[in-house]
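Enquirer:
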Amino acid sequence: MGEPSKEHHDGEENKVIAEPDSKMAWLMVACAFFMNFVGTGTIAILGLYSVHFASNEFKDQPQTTLQLVVGCVGSISALCSLLSGIVIQKVGFRNTVLISGLIYAAGMIVTSFASQIWHLIVGESILVGVASSFAFITTVTLLPQWLNKYRGVALGISAAGSGVGGLVLSPLVQYLIDMVGIQWAIRINGIIVTVILLSCGLIVRPRINMPPRSKLVDFSIIKSKKFLSFYAVGLFTGLGFWSPFYLIGFYCKYHGISATSTSIILGLMNGGSAVGRILIGQVSKYTGSINALIFTQLICSLSFVLIWNFATVTWSLIIFAIVFGMFSGAFYTLSPMISPQLFGVEKLAQVNGLYFTSIAPGSLVGPMISQALITLYTTKAGDLEIINYFPMQIYLFAVYIASVIFVILLRIQLTKELFKKI
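With UniProt numbering, letter number 103 in the sequence shown gets 103, and the count goes up by one each step, no holes.
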């Protein structure tokens with residue numbers, strides 16, 4: 001979509017600071033990459049902390065409780081998307097990122113001292129969840145202002161930050177846990193996050209200074225049938241997205257795979273996500289964002305029953321990790337590209353803020369449902385515990401297929417032409 005150099009809002013001319021696709025624009029892309037590297041990348045490796053907690057500090061707690069804690073992180077992050085959009089409108093991009101860095105620091109400190117579940121909920125779930133939301137919504141709202149011609153590439157690079165972050169942080173955090181213990185591993189992780197977020201916060205700025213909107217929530221967006229279909233895509237994706245990231249560690253442990261190999265598998269899942277976010281963002285230039293999303297969501301659904309179901313050793317789990325990571329990560333590149341396609345650039349803060357709340361319910365209950373299915377289909381033969389993961393994999397297949405159905409519905413609402421780029 002083309003973007004004029006001057007825009008209007010409520011009858012006022014908005015001040016343009018720089019032209020799109022400039023050198024400054026790519027500096028904003030770099031900041032967005034590193035914000036996702038630490039902000040979302042850390043959330044993607046929380047499964048490593050959970051596996052350690054389940055065998056040590058919180059070994060007396062049921063695994064469903066620990067899944068509730070990590071599920072709350074993604075849920076609160078998504079639920080705060082609307083709040084993040086409002087905060088951006090009120091205090092600007094820079095202050096939002098600085099606030100994010102400070103809240104993230106507090107969350108990691110509280111988590112490092114956790115001795116009870118409610119400590120984890122306050123530190124890991126609430127504070128880290130809110131902070132990551134502020135950072136993420138900033139990235140998906142900032143970049144479409146700065147880039148026109150290379151918007152897909154920019155959003156792909158930005159979104160890839162979380163995958164690269166997970167790839168780098170996963171073995172690093174496991175090494176720190178082994179060398180200095182869980183508490184200092186969390187603190188060092190927190191220091192890395194805070195330094196990078198605060199540094200990026202001092203750099204980011206809008207390309208267009210827009211006056212604050214009189215309406216913080218545009219209810220005409222919510223009433224749109226296109227938005228409701230789009231929202232349903234996020235709702236069902238949220239029910240399945242985080243489960244592989246959070247449960248792969250327990251799955252590997254059950255099949256006798258070492259902690260080091262597990263961290264590599266989780267890292268490659270995040271690395272695949274990084275590649276997919278850039279590559280599929282590029283491919284969407286030729287296929288259209290909605291067409292690309294149909295394909296990637298379908299591949300994700302099939303990966304659960306055709307790959308993960310049969311993967312019980314390191315090499316086969318690496319294949320699943322790369323395939324799921326690559327195609328699931330595309331959701332976070334393609335969704336911000338679809339938003340301006342549906343509602344224009346000026347409403348991005350509101351649309352993204354509203355849209356990403358769709359992931360909240362699923363991020364909370366999705367990992368819990370997955371864990372509940374695992375528990376339900378766990379049996380014992382003497383001292384031997386036998387776990388049937390297939391019902392959980394069928395559940396993940398079903399929710400991703402549901403998301404595919406709603407992407408197709410959105411496409412039909414926009415065009416009836418079967419082979420149209422859209």
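Idealized CB from N, CA, C, for every residue including glycine. Keep in mind it's a predicted model, so treat the numbers as computed, not measured.
If distances are taken between C-alpha atoms only, which option among Ala-25, Ile-386, Ala-32 comes closest to Asn-199?
Expert: The residue you call residue 199 lines up with position 199 of the sequence shown. Rather than Asn, the amino acid found at residue 199 in this sequence is Ser. Minimum Cα distance to Ser-199 is reached at Ala-32.
Enquirer: Mapping DSSP to helix, strand and coil, what is Leu-202?
Expert: Along the sequence shown, one-based indexing puts residue 202 at 202. In the structure shown, Leu-202 sits in coil (DSSP, three-state: anything other than H, G, I, E or B).
Enquirer: Using the C-alpha atoms, what's the distance from Lys-59 back to Arg-277?
Expert: What you label residue 277 is simply residue 277 of the sequence shown in a count that begins at 1. What you label residue 59 is simply residue 59 of the sequence shown in a count that begins at 1. If I take the Cα positions, the gap works out to 36 Å.
Enquirer: Which residue marks the beginning of the alpha helix (DSSP H) containing Ile-103, and which one marks its end?
Expert: Walking along the sequence shown from the start, residue 103 turns up at place 103. Unbroken alpha helix (DSSP H) run through Ile-103: 81 to 112.
Enquirer: Just to confirm, is the Cβ distance from Ser-273 to Gly-163 under 8 Å?
Expert: Indexing the sequence shown from 1 puts residue 273 at position 273. Indexing the sequence shown from 1 puts residue 163 at position 163. Cβ distance < 8 Å, so Ser-273 and Gly-163 count as in contact.
Enquirer: Determine contact between the stretch 296 to 306 and the stretch 245 to 265, defined as no fewer than three beta-carbon pairs at a distance below 8 Å.
Expert: With a cut-off of 8 Å, the stretch 245 to 265 and the stretch 296 to 306 do not count as touching, because too few Cβ pairs lie within range.
Enquirer: Taking its Cβ as the centre, do 16 or more other Cβ atoms sit within 10 Å of Trp-184, making it buried, or is it exposed?
Expert: Within the sequence shown, residue 184 is the residue found at index 184, counting from 1. Counting Cβ neighbours within 10 Å, Trp-184 comes out exposed, since fewer than 16 surround it.
Enquirer: Taking only heavy atoms of the ligand NAD into account, decide whether any of them is closer than 7 Å to the Cβ of Gly-74.
Expert: This structure simply doesn't include the ligand NAD, nor any ligand for that matter.
Enquirer: Can you have a look at Leu-418 and say buried or exposed, based on whether 16 or more other CB atoms are within 10 angstroms of its CB?
Expert: Position 418 of the sequence shown, counted from the start, is the residue given in the question as residue 418. Looking at its Cβ environment, which holds fewer than 16 other Cβ atoms inside 10 Å, Leu-418 is exposed.
Enquirer: Could you check what DSSP says for Asn-209 in three-state terms: helix, strand or coil?
Expert: Translated into the one-based positions of the sequence shown, residue 209 becomes position 209. Strand.
Enquirer: To the nearest angstrom, how far is the alpha carbon of Leu-46 from that of Lys-416?
Expert: Counting from one through the sequence shown, the residue named residue 46 turns up at place 46. Counting from one through the sequence shown, the residue named residue 416 turns up at place 416. Taking the straight line joining both Cα atoms gives about 43 Å.
Enquirer: Sort Leu-306, Gln-145, Ala-105 by Cα distance to Leu-127 and report the nearest one.
Expert: Translated into positions along the sequence shown, residue 127 becomes position 127. It is Ala-105.
Enquirer: By DSSP, does Ile-386 sit in helix, in strand, or in coil?
Expert: To locate residue 386, count along the sequence shown from 1; it is residue 386. Three-state result, Ile-386: strand.
Enquirer: By alpha-carbon positions, which one of Val-305, Ser-170, Phe-236 ends up nearest to Gly-271?
Expert: Counting from one through the sequence shown, the residue named residue 271 turns up at place 271. Among Val-305, Ser-170, Phe-236, the Cα nearest to that of Gly-271 is on Ser-170.
Enquirer: To the nearest angstrom, how far is the alpha carbon of Met-1 from that of Gly-353?
Expert: Locating residue 1 in the sequence shown gives position 1, where the first residue counts as 1. Locating residue 353 in the sequence shown gives position 353, where the first residue counts as 1. Low confidence applies here, because Met-1 scores a pLDDT of 40, under 50, leaving its location unreliable and the question unanswered by this model.
Enquirer: Quick one: what's Ala-232 bridged to in DSSP?
Expert: As a first step, residue 232 is located in the sequence shown; it is residue number 232 there, counting from the start. Answer is none; Ala-232 lacks a bridge partner.
Enquirer: Tell me where the beta strand (DSSP E) around Ala-381 begins and ends.
Expert: Translated into positions along the sequence shown, residue 381 becomes position 381. Counting along the chain, the beta strand (DSSP E) containing Ala-381 begins and ends at 378 to 381.
Enquirer: Here's the rule I'm using: 16 or more other beta-carbon atoms within 10 Å means buried, otherwise exposed. How should Phe-227 be labelled?
Expert: Locating residue 227 in the sequence shown gives position 227, where the first residue counts as 1. Burial call: buried.
Enquirer: Hey, how far is the Cα of Leu-197 from the Cα of Ser-50?
Expert: Here residue 197 corresponds to residue number 197 of the sequence shown, with the count starting at 1. Here residue 50 corresponds to residue number 50 of the sequence shown, with the count starting at 1. Roughly 24 Å separates the two Cα atoms.
Enquirer: Count the C-beta pairs between the stretch 302 to 321 and the stretch 27 to 43 that are closer than 8 Å, then say yes if the count reaches three, no if not.
Expert: Contact fails: fewer than three Cβ-Cβ distances are below 8 Å.
Enquirer: Excluding the 5 residues flanking Tyr-400 on each side, which residues of the same chain have their C-beta closer than 6 Å to its C-beta?
Expert: The residue given as residue 400 occupies position 400 in the sequence shown. Same-chain partners within the cutoff: Gly-240, Gln-297, Cys-300, Ser-301.
Enquirer: Which of helix, strand or coil does DSSP assign to Val-73?
Expert: As a first step, residue 73 must be located in the sequence shown, where it is residue number 73. Residue state, collapsed to three classes: helix.
Enquirer: Expressed to the nearest angstrom, what Euclidean distance is found between the alpha-carbon atoms of Met-392 and Phe-250?
Expert: Here residue 392 refers to the residue found at position 392 of the sequence shown. Here residue 250 refers to the residue found at position 250 of the sequence shown. Whole-angstrom Cα-Cα distance: 13 Å.
Enquirer: Check the C-beta distance from Glu-124 over to Val-69 and give it rounded, since I have them as a contact under 8 Å.
Expert: The residue labelled residue 124 in the question sits at position 124 within the sequence shown. The residue labelled residue 69 in the question sits at position 69 within the sequence shown. Taking a contact as a CB-CB distance under 8 Å, the pair Glu-124 and Val-69 counts as one, their CB atoms being some 6 Å apart.
Enquirer: Specify, as a first and last residue, the run of the alpha helix (DSSP H) that Phe-219 falls within.
Expert: Within the sequence shown, numbered from 1, the residue matching residue 219 stands at position 219. Counting along the chain, the alpha helix (DSSP H) containing Phe-219 begins and ends at 219 to 223.
Enquirer: May I ask you to report which of helix, strand or coil DSSP gives Val-168?
Expert: By one-based count along the sequence shown, residue 168 stands at place 168. Correct three-state label for Val-168: helix.
Enquirer: Any idea what DSSP makes of Glu-417, helix, strand or coil?
Expert: Counting from one through the sequence shown, the residue named residue 417 turns up at place 417. In the structure shown, Glu-417 sits in coil (DSSP, three-state: anything other than H, G, I, E or B).
Enquirer: For the alpha helix (DSSP H) that residue 423 lies in, which residues bound it at each end?
Expert: Within the shown structure, residues of the chain are numbered from 1 to 422, placing residue 423 beyond reach of any answer.
Enquirer: Find out if the Cβ-Cβ distance for the pair Thr-141, Ala-372 is shorter than 8 Å.
Expert: For this step, residue 141 is matched to residue 141 along the sequence shown. For this step, residue 372 is matched to residue 372 along the sequence shown. Result no, Cβ atoms of Thr-141 and Ala-372 do not sit closer than 8 Å.
Enquirer: Do Arg-205 and residue 471 come within 8 Å of each other at the CB atom, strictly closer than that value?
Expert: No answer is possible for residue 471: it lies beyond the span of the chain, which begins at 1 and ends at 422.
Enquirer: State the CB to CB distance for the pair Met-326 and Trp-146, rounded to an integer number of angstroms; the pair is presumed to be in contact (CB under 8 Å).
Expert: Taking the first residue of the sequence shown as 1, we reach residue 326 at position 326. Taking the first residue of the sequence shown as 1, we reach residue 146 at position 146. Rounded, the Cβ-Cβ distance is 26 Å, inconsistent with contact.
Enquirer: Is Lys-253 helix, strand or coil by DSSP?
Expert: Reading the sequence shown from its first residue, position 253 is the one you call residue 253. Residue state, collapsed to three classes: helix.
Enquirer: Give a yes or no on whether the C-beta atoms belonging to His-52 and Ile-177 are separated by under 8 Å.
Expert: Residue mapping note: residue 52 aligns to position 52 of the sequence shown, counting from 1. Residue mapping note: residue 177 aligns to position 177 of the sequence shown, counting from 1. Yes; because the gap between Cβ atoms is below 8 Å, this pair is in contact.
Enquirer: For Ala-259, I'd like the list of residues in its chain whose CB is within less than 7 Å of its CB, leaving aside the five on either flank, ordered along the chain.
Expert: Position 259 of the sequence shown, counted from the first residue, corresponds to residue 259. For Ala-259, where only same-chain residues beyond five positions count, the Cβ hits under 7 Å are Gln-174.
Enquirer: Compare the C-alpha of Leu-342 against each of Thr-375, Leu-266, Ser-261, Ile-222 and name the closest.
Expert: The residue you call residue 342 lines up with position 342 of the sequence shown. If we check each option's Cα against that of Leu-342, Ile-222 comes out closest.
Enquirer: The alpha helix (DSSP H) with Lys-23 in it runs from where to where?
Expert: Position 23 of the sequence shown, counted from the start, is the residue given in the question as residue 23. Note, Lys-23: alpha helix (DSSP H), 23 to 44.
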